[in-house]
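Numbering (this note's numbering), first residue to last: 504 to 831.
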Amino acid sequence: MYTGSGFSDWEIGDITVIIHEGVYHLFHLIIPNHDYIAHAVSRDGISWRRTNNALFVGHPGEWDDDMLWTMHVVEKEGAFEMYYTGLQRKDRGIVSRVGFAHSNDLLTWTKDQKNLYPIEPKGIYYETQDQNPRKWLSFRDPFQFDYKDDRYILIAARALYGPVSRRGCVGIVKITNDLLELMPALLYPLVYDDIECPCVFELNGRFYLLGSIREDIKVRYWFAPDFLGEYHSFHEDVLLPPGNYAARTVQDGPHLLLYNFFYAYGQINALRVLPPPKQLSTDENGRLILKSYYRWEQMILQTLTLDQLGACNALLNNPTAFISVDRA
């Protein structure tokens with residue numbers, strides 16, 4: 504499995520995947536430095552090869568001169584856009600903002616210098632640098648989503664009010680003709696410190712919202728009949744068990760794939776790997792279910808039936824070992 508290894512055995516952090524002309528493109532953070540966004544490519548979505556790094560921290564004095572955090576890459580009108588999280592050295596790593604870069608080929612990226620970016624909270628619905636009792640501002644992990652010809656960005660944010668350790672919410676920003684509108688939180692369950700790496704998609708007539716929860720290192724989900732509608736959760740709302748994190752979706756033809764990185768041993772400082780993707784579907788009640796990646800079936804070279812197997816012999820002359828073959 505891919506680890507992005509360099510100096511250490513693993514360096515992979517939050518991820519996003521986009522598919523273009525049959526090639527899978529993986530963008531991911533580099534841990535622990537967070538000084539650039541790495542880029543890898545694959546023909547099957549499983550085996551990855553590193554290529555040109557996508558984006559680097561800014562020069563001293565620029566708004567992203569400290570670290571780069573979670574990103575999302577989308578295709579728009581034959582070109583590509585990246586929304587990413589940046590931190591500035593003068594803020595001492597406690598303030599996150601959302602920036603923008605564009606590319607024509609997914610290899611060479613240019614940061615946008617318009618006054619629109621970076622995006623930061625205004626103190627209407629979300630905590631700001633001055634209204635932040637936790638002393639660590641979350642306004643990060645962008646996910647771009649188009650709905651009814653409008654463009655929205657989902658953000659891991661924190662509400663202005665509520666218990667300090669339970670203000671985590673999914674913030675939302677609407678972009679219209681280069682004008683920003685900060686809207687009330689899309690989801691505010693009053694349960695978590697942060698809802699990291701939010702992701703939304705439509706599947707079988709419902710909208711589903713994913714979030715990674717730092718407290719238990721799980722990926723949970725919520726559902727609604729409409730993108731902007733009220734989101735609810737099932738009694739069992741865990742999509743991926745402990746150790747799985749930063750889940751993001753990508754459409755692969757008729758298949759909706761789910762990628763995430765995995766903390767080996769369920770510990771955040773342990774080995775991190777990128778497992779093969781899973782496929783998303785729903786049951787008759789609308790609950791999300793995971794299926795095996797469709798490409799596994801394409802990799803089958805030969806199928807052997809039981810009759811085609813050779814004779815079976817006991818190992819180590821074990822007198823108690825036996826095999827019973829039912830050929831009916």
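Ideal Cβ positions, reconstructed from N, Cα and C, are used throughout, including at glycine.
Since the model is a prediction, treat every value here as computed from it, not as a measurement.
- Collapsing the DSSP output to three states places Asn763 in a strand.
- If you check the CB distance, Asp653 and Lys677 come in under 8 Å.
- Taking a cut-off of 8 Å for Cβ pairs, the stretch 606 to 613 and the stretch 582 to 596 touch, as three or more such pairs fall below it.
- Given a length threshold of 3 residues, each whole run of the beta strand (DSSP E) inside the stretch 730 to 802 is given here in chain order: 741 to 743, 747 to 755, 758 to 766, 781 to 785, 791 to 794.
- A residue is called buried when at least 16 other Cβ atoms come within 10 angstroms of its Cβ; Ile792 does not meet this threshold and is exposed.
- Using a Cβ distance threshold of 8 Å, Gly714 and Glu699 count as a contacting pair.
- For Val722, the beta-bridge partners assigned by DSSP are Ser715, Leu743.
- Distance from His523 to Glu565 at the Cβ level is roughly 29 Å; contact not present, criterion being Cβ atoms closer than 8 Å.
- Look at Ser668 here: in three-state DSSP terms it is helix.
- Residue state for Arg592 is assigned as helix, using DSSP reduced to three classes.
- Look at Gln811 here: in three-state DSSP terms it is helix.
- The C-alpha of Tyr766 lies about 20 Å from the C-alpha of Leu760.
- DSSP places Ile549 outside any beta strand (DSSP E), giving it a letter other than H or E.
- In the DSSP assignment, Lys579 falls within the beta strand (DSSP E) that extends over 570 to 579.
- For Leu693, the CB contacts under 6 Å within the same chain, skipping 5 residues up- and downstream, are Gly665, Arg669 in chain order.
- Taking a contact as a CB-CB distance under 8 Å, the pair Ala750 and Tyr762 counts as one, their CB atoms being some 7 Å apart.
- In this structure, the beta-carbon distance from Trp572 to His605 does not fall below 8 Å.
- A check of alpha carbon separations from Ser599 across Arg592, Asp568, Ser641, Gly626 identifies Ser641 as the nearest.
- Ranked by Cα distance from Ala557, the options Cys815, Phe530, Leu682, Gly708 are led by Phe530.
- Within the model, the alpha-carbon separation for Ser545 versus Val526 is close to 6 Å.
- Leaving aside the five residues that flank Arg790 on each side, the residues in its chain whose CB is nearer than 7 Å to its CB run, in chain order, Phe737.
- If you look at Ser599, you'll find it in the beta strand (DSSP E) that goes 599 to 606.
- Judged by DSSP in its simplified three-state form, Leu532 adopts strand.
- In the displayed model, Leu818 falls within a helix according to three-state DSSP.
- Between the alpha carbons of Tyr724 and Thr806 lies a gap of roughly 37 Å.
- For Asp644, the enclosing beta strand (DSSP E) covers residues 643 to 650.
- Excluding its 5 nearest sequence neighbours in each direction, Thr519 has C-beta neighbours in its own chain below 7 Å: Phe530, Met574, His575, Val576, Arg751, listed in chain order.
- A Cβ-Cβ contact shorter than 8 Å links Leu689 with Leu657.
- Collapsing the DSSP output to three states places Asp653 in a strand.
- Around the beta carbon of Gly507, 16 or more other beta carbons sit within 10 angstroms, so the residue counts as buried.
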